[in-house]
Amino acid sequence: MKRQLGAVFDRTPFLRKTFYQLLDLLLLRCWHIQRELRSWIRQRISDGQPVTAIYDAGAGFGQYTYWLSGELPQA
5 MKRQLGAVFD RTPFLRKTFY QLLDLLLLRC WHIQRELRSW IRQRISDGQP
55 VTAIYDAGAG FGQYTYWLSG ELPQA
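Sequence positions in the sequence shown follow my numbering and run 5 to 79.
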């Protein structure tokens, strides 16, 4: 399934961004993960340890890495 969806949505950046937005809207898991990531970012900043890099393990569609790159443009 992932390979088939990827073949369709990886054709253009617009389709990929649209796909990520649909995942964010439709999957409750995305809401929870983004909430935890926001909390993690705030905690790091308050501890004086800003996030300077984002690593993607290569599992999934990359929507969280894409989302983090918008939240942390300096990383």
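Glycine included, C-beta positions come from ideal geometry on N, C-alpha and C.
CA-to-CA distance, residue 72 to residue 57, given in whole angstroms: Each residue's Cα considered, the two are about 10 Å apart.
*To the nearest angstrom, report how far apart residue 11 and residue 40 are at their CA atoms.*
Computed Cα separation, rounded: 30 Å.
task: Enumerate in chain order the residues of its own chain whose CB-to-CB distance from residue 19 is below 8 Å, with the five nearest sequence positions on each side excluded.
output: Answer for residue 19: 12 and 13, listed in chain order.
key: Backbone secondary structure at residue 16 - three-state DSSP   = Residue 16 carries a coil assignment under DSSP once its states are collapsed to helix, strand and coil.
Under a three-way DSSP split, which group does residue 64 fall into? Coil at residue 64, not helix or strand.
Open item on the list: Can you confirm whether the stretch 16-32 touches the stretch 62-70 when touching is taken to mean that 3 or more C-beta pairs between the two stretches lie within less than 8 Å?
Closed with: Using a C-beta cut-off of 8 Å, the stretch 62-70 makes contact with the stretch 16-32, since at least three inter-stretch Cβ pairs fall below that distance.
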